[in-house]
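Residue numbers (my numbering): 3 to 225.
Even glycine gets a Cβ: it sits at the ideal position worked out from N, Cα and C.
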Amino acid sequence: MDRALLARPTLEAARALLGARLVRDDATGRRVGRIVELEAYIGAEDRASHARFGPTARNSVMFGPPGIAYVYLVYGMYHCLNVVTEPPGRPAALLIRAIAPIEGIELMRAARLAQGRARRRSLATGQPEAEARRIAALPVARLASGPGLVAAAFGLDRSWTGVDLCDPASPLRLERRPAGEPEPTILAAPRIGIAYAGEPWTRHPWRLLIAGDPAVSVPARGE
DNA sequence: TCAAGGATCCGCT
DNA sequence: GCGGATCCTTGAA
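Okay, structure coming up:
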């Protein structure tokens, strides 16, 4: 992925990222997925963005160069993967909300199960065998169809913050949409789970997704 | 509809 | 440097 594409205004960078590949390739094996859903968080003025309080220990990479991973913990148990966008000094990022798995399907299932294991003690009805069966039976399109599920399927946590996703040698990286693949039809919808931000931030159609893709987390209205 | 879980941030001392 | 509210979610009921 060309860093210059991610240095552009975030909504334009999103167009380059939809249909692009997320690749994790290291000692754990090789996992590849097609990015089908994103949310944009744009500037310190965006009341839904982690950057709304200015730079902190957690969000500092958002203020740095584009193409860097920002992974945070949400609700105490899920991790979310973001791609930093726009030039240094301007805090912005794209949250990867859903991916359609292409390679490393069984690796993704194993990672989903491992993450489930970590929080099993909290599950009231957590039967280990039942959980293993449930994940084994999941359709491929549901393996990474949510922001927490993307991180789980790719085995990511906060320690991945700072990884350069534009470096071809990086264990976690972005690759542009293959030349032969048709340009996807993109839908825009309001962002999810940001009611606290208030107007006009709740209204902006900054959730972008590939129309009709079965791996999208929640269908856009009208689909 | 609801609970799970812990980091993070604010506001105050 | 503490107390309390909040949170870019998920899966089972």
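| Check | Outcome |
| --- | --- |
| Segment limits, alpha helix (DSSP H) that includes R92 | Here R92 belongs to no alpha helix (DSSP H), and DSSP marks it neither H nor E. |
| C-alpha distance - A42 paired with A94, whole-angstrom precision | 8 angstroms |
| Collapsed DSSP secondary structure at A22 in the structure displayed | coil |
| Of the listed residues H81, M79, V86, nearest to G69 (C-alpha basis) | V86 |
| A139, DSSP secondary structure in three states | helix |
| Delimiting residues of the beta strand (DSSP E) encompassing G35 | 31-44 |
| Start-to-end residues for the alpha helix (DSSP H) that takes in R5 | 5-8 |
| Whether R36 touches G106 by CB criterion (9 angstroms) | no |
| Assigned exposure category for T163 - 16 Cβ within 10 Å defines buried | buried |
| Contact between the segment 180-192 and the segment 149-166 (3+ Cβ pairs under 8 angstroms) | no |
| Beta-carbon contacts of L7 that lie in its chain and below 7 angstroms, excluding the five residues immediately before and after | A15, A18 |
| CB contact flag (D27, P173, <9 angstroms) | yes |
| Extent of the continuous beta strand (DSSP E) run through V152 | Segment 149-156 is the alpha helix (DSSP H) holding V152; no beta strand (DSSP E) there. |
| Which of helix, strand or coil DSSP assigns to H206 | coil |
| Rounded separation between R175 and A132 - CA only | 33 angstroms |
| Buried/exposed call for E39, threshold 16 Cβ in 10 Å | buried |
| Simplified DSSP assignment, three categories, for I194 | coil |
| Segment limits, beta strand (DSSP E) that includes H81 | 80-86 |
| The segment 95-104 contacting the segment 144-164, beta-carbon criterion three pairs below 8 angstroms | yes |
| Per-residue burial, D48 [other beta carbons within 10 Å of its own, 16 or more giving buried] | buried |
| Proximal residues to R5 (C-beta, below 8 angstroms), its chain only, five neighbours per side dropped | P67, P68, G69, C168 |
| Whole-angstrom distance between A9 and P141, CA atom to CA atom | 35 angstroms |
| Cβ-based neighbour list, R193, same chain, cut-off 6 angstroms, excluding 5 preceding and 5 following | E41, W208, R209 |
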